[in-house]
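Asks:
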Amino acid sequence: PCMKKMLAQSSECLNVQGEQRKVAEVRGTWSKILYTFTEAGTYRQVGGYAVGMGSTKEEAAFILKIASEDRIFQTDSSSFVFEFVTYNANFDMFTYTTVKFSLKGTGKLVHEVVTTVLPLNVFSQGSQENSHTLVLLSDILFGFYIVAAVIFTAYFCWDLSIQYFITVNLSRKWYMFIFDFFLEDWWNFVDLVSLILNIAVIEHVFKYMLIGGSIWVGRDGIRSWTLDYKFTTVATDATVDPYEKFEQVAKVYSWFTGLAAVNGLFLMLRLLKYLN
């Protein structure tokens, strides 16, 4: 955002020769590489100079040296973000990491490292021999979980309707049934939160599975980036790494795991309710 504002403010500025300044393009002082402002390939598409760091530690060190010699890391640079993805074939897990450096107006340098470990197949079981069976079992159990959530929602709505008729028969204003419902038994509040969390967990699972995808009735069935991801064996100058997609799935997966953890807590509270 900061660079976008700078470009907007400098669009009408001229240099000493009376020519329009090209703030969006900077040529490296050492390598003579032309760095061009773009939104594609940058962190959260906020805009900046997108530079590929290679696929090995040596390549990354070499590119970093070039950027340093080209004076990309100058005092007027406000932030740098490094993104990289690694893959563990044994567990079929991806690790998406972002390393962020930001220079505040006070001159303080702030850094942050965020790592998210995730499978592109949300029910992945790694590379063990019975992984396909376990994945199928997970799919079936998730189906039962959806059915249980629907039944729980129906019972909750039924209890609400009963409370509505009780409130109306007591000659109270109809909208007071909501207050009566929760004041009568505070466990109903736990049920409501648990209901919302269950719906949110299911919604995030489907959102994760259908990132960049669609559902078709027919031979194609369900297609999405997460379900159909494949490694490319050949890389060219036109090859673009899907960091935008990995950033998106990492965000959704983090929300999913967080919601699932809180949902587990409220399920335990509901278990205490029935035990009492």
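Residue 203 in the UniProt record's numbering is what sits at position 203 of the sequence shown, and the numbering runs on without skipping anything. Ideal placement from N, C-alpha and C gives every residue a C-beta, glycine not left out.
Quick one: what's Val205 bridged to in DSSP?
Replies: On the sequence shown, position 205 is the one that residue 205 refers to. Its beta-bridge partners do not exist; DSSP assigns none.
Asks: Taking one C-beta from the region 57-72 and one from the region 23-35 each time, how about it: are there three or more such pairs within less than 8 Å?
Replies: With the cut-off at 8 Å, the region 57-72 and the region 23-35 touch.
Asks: Rounding to the nearest angstrom, what Cα-Cα distance links Thr257 and Ile162 in this structure?
Replies: Within the sequence shown, numbered from 1, the residue matching residue 257 stands at position 257. Within the sequence shown, numbered from 1, the residue matching residue 162 stands at position 162. One C-alpha to the other measures close to 35 Å.
Asks: Going residue by residue through the UniProt domain "Polycystin" (34-112), where are the continuous beta strand (DSSP E) segments of at least 3 residues, counting only ones entirely within it?
Replies: 34-36, 79-88, 93-103
Asks: Could you tell me if Glu184 is buried or exposed, where buried requires 16 or more neighbouring beta carbons within 10 angstroms of its beta carbon?
Replies: To locate residue 184, count along the sequence shown from 1; it is residue 184. The residue in question, Glu184, is exposed, as its Cβ has fewer than 16 Cβ neighbours within 10 Å.
Asks: Name the residue from Leu197, Ser138, Phe80, Lys230 whose alpha carbon lies nearest to the alpha carbon of Ala260.
Replies: As a first step, residue 260 must be located in the sequence shown, where it is residue number 260. Closest option to Ala260, Cα to Cα, is Leu197.
Asks: Out of curiosity, what's the CA-to-CA distance linking Tyr208 and Val249?
Replies: In the sequence shown, residue 208 corresponds to position 208, counting from 1. In the sequence shown, residue 249 corresponds to position 249, counting from 1. Each residue's Cα considered, the two are about 6 Å apart.
Asks: Where does Thr36 land, buried or exposed, given buried means 16+ other C-beta within 10 angstroms?
Replies: Position 36 of the sequence shown, counted from the start, is the residue given in the question as residue 36. That one is exposed.
Asks: Determine the contact status of Val81 and Thr98, defining contact as a CB-CB distance below 8 Å.
Replies: As a first step, residue 81 is located in the sequence shown; it is residue number 81 there, counting from the start. As a first step, residue 98 is located in the sequence shown; it is residue number 98 there, counting from the start. Yes, they are a contact pair.
Asks: Taking the continuous alpha helix (DSSP H) assigned at Arg270, which residues delimit it?
Replies: For the purposes of this step, residue 270 is taken as the residue at position 270 of the sequence shown. Here the alpha helix (DSSP H) through Arg270 covers 243-275.
Asks: In angstroms with no decimal places, state the Cα-to-Cα distance between Val252 and Asn121.
Replies: Taking the sequence shown and counting its residues from 1, the one referred to as residue 252 is at position 252. Taking the sequence shown and counting its residues from 1, the one referred to as residue 121 is at position 121. Their backbone Cα atoms lie some 13 Å apart in a straight line.
Asks: State buried or exposed for Thr38, treating a residue as buried only when at least 16 other CB atoms are found within 10 Å of its CB.
Replies: Taking the first residue of the sequence shown as position 1, residue 38 is located at position 38. Exposed.
Asks: Between the Cα of Thr116 and those of Thr86, Leu136, Thr167, Leu103, spot the shortest distance and give me the residue it belongs to.
Replies: One-based indexing of the sequence shown puts residue 116 at position 116. Answer by Cα proximity: Thr86.
Asks: So what's Thr153 in DSSP terms, helix, strand or just coil?
Replies: What you label residue 153 is simply residue 153 of the sequence shown in a count that begins at 1. Thr153 falls in the helix class under three-state DSSP.
Asks: Closer than 6 Å by C-beta to Leu210: which residues in its own chain qualify, once you throw out the five before and the five after it? Chain order, please.
Replies: Translated into positions along the sequence shown, residue 210 becomes position 210. So the list reads Ser224, once near-sequence residues are dropped.
Asks: When the Cα atoms are used, what is the spatial distance from Gly131 to Thr42?
Replies: Walking along the sequence shown from the start, residue 131 turns up at place 131. Walking along the sequence shown from the start, residue 42 turns up at place 42. The amino acid occupying residue 131 in the given sequence is Ser; Gly does not appear at that position. Each residue's Cα considered, the two are about 36 Å apart.
Asks: Just to confirm, is the Cβ distance from Tyr164 to Phe179 under 8 Å?
Replies: On the sequence shown, position 164 is the one that residue 164 refers to. On the sequence shown, position 179 is the one that residue 179 refers to. No, they are not a contact pair.
Asks: From Asn188, Ile222, Phe231, pick the residue whose C-alpha is nearest to that of Lys273; which is it?
Replies: Here residue 273 corresponds to residue number 273 of the sequence shown, with the count starting at 1. For Lys273, the closest of Asn188, Ile222, Phe231 by C-alpha to C-alpha distance is Asn188.
Asks: What three-state label does DSSP hand Thr116 in the structure shown?
Replies: For this step, residue 116 is matched to residue 116 along the sequence shown. In the structure shown, Thr116 sits in a strand (DSSP, three-state: E or B).
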